[in-house]
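So the sequence lines, in the order shown, correspond to chains C and V. Quick note on numbering that gives the first Met the number 0: the first sequence kicks off at 0 and runs consecutively. Quick note on numbering that gives the first Met the number 0: the second sequence kicks off at 0 and runs consecutively.
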Amino acid sequence: MQPLIRMTGITRFFGQFCAVRNISLELFQGEVVGLLGPNGAGKSTTMRILSGCLGASLGTVQLDGADLLKEPKLVKRAIGYLPETPPLYHELTVDEYLKFCARLKAVKGSSIKASLDRVKSLCGLDREGSRLIRNLSKGFQQRVGIAQAIIHNPQLIILDEPTNGLDPNQIIEIRKLIRTLGSSHGVILSTHILPEVQSVCDRVLIMNNGRLVYTESLAQMNSSKSDMLNIRLARPPGEPALAQLKGVVNVTTLGENRFYLQLSSTCLVETVAERIIQRGWGLMELVPQQQNLEQIFYRLTTTGENDR
Amino acid sequence: MFAIFGKELRSLFLSPLAWSLLIAMQLVLAWIFLVQLEQFLQLQPKLAGLESAPGISTLVIAPLLDSAAMTLMLLVPLLTMGMFSRDSGSGTLDLLFSSPVSLTAIVMGKYFAVLTFLAITLVLIALMPLSLLLGTRPDMGSLAAALLALTLAGTAYAAVGIWISSMTKQPAVAAVLTYAVLLLLWIINLTDNEGTDSLLQQLSLSSHFQRMLSGLVTSSDIIYFLLLILIGLILCIHRLERLRIEG
């Protein structure tokens, strides 16, 4: 299958500082890719280059085989981009702003109204059409930003921290929206909220110090065996007793009643649970640390620090 | 380009700044116009005795439009200051850059929005000398030349202003720098009394403007203004290109 977007050897210098170093990635239609990384890892720079807002020092960006630099209009028509701060004109109303964006992104005059209605209902802005953007809360402004990015029904949607500043309910809605978009478009989003990646993305990329250090599909990640347990006990026996349980390799105390157990590779989760219950420690909670993205992230992004 | 043009024009009229500038301009010029007219009426009996006495065009219209050129110099930088500086400050420049429009279209869209506003201002200014038609017959030829001079000067100010607004994120800084550049261009010929051919005279806005104001329209003056406009716009496009490449 031909990838929707292909970045090859993208490198970007700011003066002497190398913000992005030799990044290559491919993204397919119908795929949601999460770009992770600590602050200053080069996520935003990568996304700005992908959207055509920033030139790369080296490397190429191709969408459906068309080069971003050689055919900018063609490529940009197929890209929707939400920057870190939503690019809003505060003196306009939501409708005026979205209409402007639609015209700017070369939506045909006859279908502007339909596009407007479509994105407004997708982003939950049906009733905000005549409100001034200045008077909207941050969450709604963020939605207008997302609406702007999808108004021309682009093939590729680039979202830089899309759930930034939203309340928990809105976050859930926006994640749903991203999943919906992801079924028919290609979506690349950056975030530093790890659960977000697990809930919406098909594939995860981790960046550190301008390098792409990890690429893995989440399905693969989840299918691998979990060997960490997060448990809560009503009557905890103390660390040494837990460590003596058969199949437990290592115990870390997380809180008063909360422990982190590392299992040996042959031990099953249910056997450990059975043993804890048999001993009458009052098992209240047991969470297999399913594919510890957190750990992978921590490992990859802290070793990078030492490299510097 | 039309999308940007429409949006910028709308933003201009939505901002109290543009309206208050229009009001201030009208108040100041109306006052100057009345004062000039009053002085002319007092002088009229004496002028009647003179042979080939200066008419109302020289004594009222020329000074009025001369002041109008200075007032425009104060007004236009305030109109253009936010054109790009506000976009780069608030991040909306990324919206423009990631859209399928060329840099030239972005610049021209914004420039034409300023020009449209300027056109309204110029019509309002032109109404003052034209109101003299009610009582007398001013020299229409020299009036047309003077208005052309004012139009060219205004459009040139706008081109310089829009270029400078692309260089900073702060509108106020853009306005101050535009004042500096325009004022320097205006007074650059002050030290030079040697005639019209020296370099400083050629560079000066005022020497070209004054010549047209007096009713003498030469192609070299028109070319000067057109060049200034072209240079301003090209530098602006170039600056945006650098902004996109260098970040």
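The C-beta atom is built at its ideal place from N, Cα and C for all residues, glycine as well.
- Every alpha helix (DSSP H) of 4 residues or more that sits fully in the segment 46-93 of chain V is shown, in chain order, as 61-79 and 81-89.
- Nearest CB-CB separation between residue 168(V) and chain C: not below the 8 Å threshold.
- Pairing residue 196(C) with residue 203(C) gives a Cβ-Cβ distance under 8 Å.
- Taking the C-beta atoms as reference points, residue 161(V) is found no nearer than 8 Å to residue 72(V).
- Residue 170(V) and residue 87(C) have their C-alpha atoms roughly 17 Å apart.
- Where residue 13(C) is concerned, the enclosing beta strand (DSSP E) starts and stops at 4-13.
- Shown here, residue 134(C) sits in a helix according to DSSP, grouped into three states.
- Contact between residue 79(C) and residue 156(C) holds: their C-beta atoms lie close to 5 Å from each other, under 8 Å.
- Between residue 173(V) and residue 80(V), the CB-CB gap stays under 8 Å.
- Collapsing the DSSP output to three states places residue 100(V) in coil.
- A direct Cα-to-Cα measurement between residue 110(V) and residue 167(V) gives close to 17 Å.
- With a 10 Å radius around the Cβ and a threshold of 16 neighbouring Cβ atoms, residue 40(C) comes out buried.
- Contact check for residue 138(C) against residue 165(C) passes: the beta carbons are separated by less than 8 Å.
- When Cβ-Cβ separations below 8 Å define contact, residue 34(C) makes no contact with chain V.
- Contact of residue 161(C) with chain V by beta-carbon distance below 7 Å is absent, the smallest such distance being about 15 Å.
- Any Cβ of chain C closer than 8 Å to the Cβ of residue 94(V) would place that residue at the interface, and such an atom is present.
- Residue 9(C) has its alpha-carbon roughly 25 Å from the corresponding atom of residue 297(C).
- For residue 16(C), there is no enclosing alpha helix (DSSP H); the enclosing beta strand (DSSP E) has its first and last residue at 16-26.
- Selection 241(C), 227(C), 161(C) and 2(C) evaluated against residue 85(C) yields 161(C) as nearest (Cα-Cα).
- Taking all protein chains in view, the Cβ of residue 140(V) is surrounded by fewer than 16 other Cβ atoms within 10 Å, so the residue is classified as exposed.
- No Cβ of chain V is located within less than 8 Å of the beta carbon of residue 112(C).
- When the beta-carbon positions are compared, residue 59(V) and residue 35(V) come within less than 8 Å of each other.
- Bounds of the alpha helix (DSSP H) holding residue 277(C) are 268-277.
- Proximity of residue 200(C) to chain V, defined by a Cβ-Cβ separation below 8 Å, is not satisfied.
- Here the segment 93-109 of chain V lies against the segment 66-81 of chain C, with 3 or more beta-carbon pairs under 8 Å apart.
- The C-beta of residue 44(V) comes no closer than 8 Å to any C-beta of chain C.
- What residue 238(V) touches in chain C, judged by beta-carbon distance under 8 Å, is nothing: the nearest beta carbon there is about 14 Å away.
- Take the alpha-carbon of residue 25(C) and the one of residue 209(C): they are about 17 Å apart.
- Close to residue 90(C), with beta-carbon spacing below 9 Å, are these residues of chain V in chain order: 9, 10, 13 and 14.
- Annotation for residue 175(V): the continuous alpha helix (DSSP H) segment containing it runs 170-186.
- Its Cα nearest to that of residue 112(C), the residue 150(C) stands out among 150(C), 83(C) and 234(C).
- Taking residue 123(C) as reference, the option from 70(C), 102(C), 133(C) and 175(C) with the minimal CA-CA separation is 175(C).
- For residue 91(V), the nearest beta carbon of chain C is closer than 8 Å to its own beta carbon.
- Within the segment 93-117 of chain V, those residues whose Cβ lies closer than 8 Å to any Cβ of chain C are, in chain order, 93, 94, 95, 96, 97, 98, 99, 100 and 101.
- From the beta-carbon of residue 2(V), the residues of chain C found nearer than 7 Å are 99, 102 and 103.
- When Cβ-Cβ separations below 8 Å define contact, residue 244(V) makes contact with chain C.
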